[in-house]
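As structure tokens, the structure follows; a few thoughts come after it.
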Amino acid sequence: MNTAHSNLATAEVDWGPYYDAILDHPSTLARLALPRVTRWKRAVDLGSGKQNDARLMSAMRFEKIDSVDLSAKSEAYAGELMRASPRGFRFHRQSLSEYDFGTEPIDWVNSNFALPYDPNFRDIIERIRRKLCYGGVFSATFLGPKDEPYRMHSGFHTVSLEELQRLLAGFGISEVTEHSPTSPFFDGYTKQWHYFRAICIK
Numbered sequence: 620m621n622t623a624h625s626n627l628a629t630a631e632v633d634w635g636p637y638y639d640a641i642l643d644h645p646s647t648l649a650r651l652a653l654p655r656v657t658r659w660k661r662a663v664d665l666g667s668g669k670q671n672d673a674r675l676m677s678a679m680r681f682e683k684i685d686s687v688d689l690s691a692k693s694e695a696y697a698g699e700l701m702r703a704s705p706r707g708f709r710f711h712r713q714s715l716s717e718y719d720f721g722t723e724p725i726d727w728v729n730s731n732f733a734l735p736y737d738p739n740f741r742d743i744i745e746r747i748r749r750k751l752c753y754g755g756v757f758s759a760t761f762l763g764p765k766d767e768p769y770r771m772h773s774g775f776h777t778v779s780l781e782e783l784q785r786l787l788a789g790f791g792i793s794e795v796t797e798h799s800p801t802s803p804f805f806d807g808y809t810k811q812w813h814y815f816r817a818i819c820i821k
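Under our numbering, the first residue of the sequence shown carries the number 620, and numbering increases by one thereafter.
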């Protein structure tokens, strides 16, 4: 059963301090998904934040990269990446629900800790499945029911492992791992996390 921990909308959250504080390296999710990618034409990063994963996509020479995020701070980071790697990189300042995946097949869709903040995440997963090319990769992090709400990390929707497995059933191969670390948030608060890391191949 999906649970919304609060009515806080992603658009109302100032993610700038978080983006500024996190390190400049790709997410563990993206690094684990990358070896599964076999085509390098088009990639999409949903909830691109500081553009760390989009930079990884750019370094891998994808012909087209769409970076999607509502945050003005994310747009500023995207501007830096666009100046450094202008070829085929586009930033879309909009919600994940609003993003139009376009008509071209996609080889890799990545979303690290972003889908749980969109109430339409189920529909988005199905849209991703339809848009992925055969053999395309979908990697995402989903928050579990035991994740501790805290500050900006509170307006999210959670899923159980069983529900997540049902949501991903349309993909040919799905690898889901569960994680429950206790670790500091960016401001030093020690938070109890509960999340699932999913890597799917169509």
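Beta carbons: idealized from backbone N, C-alpha and C, even for Gly. Computed from a predicted structure; not experimentally measured.
Using CA coordinates, which residue listed in the options is at the minimum distance from residue i?
i, options, result
"His730", "Thr777, Lys692, Thr760, Trp812", "Looking at the sequence shown, residue 730 is not His but Ser. Of Thr777, Lys692, Thr760, Trp812, the residue nearest in Cα terms is Thr760."
"Pro645", "Gly707, Met676, Lys765", "Met676"
"Lys683", "Glu767, Thr809, Thr722, Phe775", "Thr722"
"Pro800", "Gln811, Leu689, Pro764", "Gln811"
"Lys765", "Ser758, Tyr753, Val778", "Val778"
"Ala662", "Asp685, Ala652, Glu797", "Asp685"
"Ile744", "Ser793, His711, Glu767", "Ser793"
"Phe805", "Leu762, Cys752, Tyr769", "Tyr769"
"Leu762", "Arg741, Pro738, Gly698, His776", "His776"
"Gly791", "Gly807, Thr809, Ile820, Leu780", "Ile820"
"Glu797", "Gly807, Gln784, Pro803, Tyr808", "Gln784"
"Ala587", "Glu767, Phe710, Tyr808", "What is shown of the chain runs 620 to 821, which leaves residue 587 out entirely."
"Tyr808", "Glu767, Asp737, Arg655", "Glu767"
Could you check whether residue j and residue i sit closer than 8 angstroms to each other, using their CB atoms as the reference points?
i, j, result
"Val756", "Trp727", "yes"
"Gly789", "Arg748", "yes"
"Leu665", "Arg816", "no"
"Ala841", "Ile818", "Past the boundaries of the shown model lies residue 841; the chain is included only from 620 to 821, so the question cannot be answered."
"Ser693", "Ser667", "yes"
"Arg712", "Leu734", "no"
"Gly754", "Arg658", "yes"
"Ser758", "Asn739", "no"
"Ile725", "Leu700", "no"
"Leu787", "Arg741", "no"
"Tyr696", "Lys660", "no"
Identify whether residue i lies in helix, strand or coil by the three-state DSSP scheme.
i, result
"Ala640", "Its pLDDT being 48, under 50, Ala640 is placed unreliably in this model, and the value from its coordinates should be taken loosely. Ala640 falls in the helix class under three-state DSSP."
"Phe804", "coil"
"Ser730", "strand"
"Lys692", "helix"
"Thr722", "coil"
"Ile820", "strand"
According to DSSP, what are the bridge partners of residue i?
i, result
"Glu797", "Phe815"
"Phe708", "Ile684"
"Thr809", "Pro803"
Ignoring anything shorter than 4 residues or poking outside the segment 735-780, list the alpha helix (DSSP H) runs there in chain order.
740-750
Residue ranges of each alpha helix (DSSP H) within the segment 649-688, 4 or longer:
671-678
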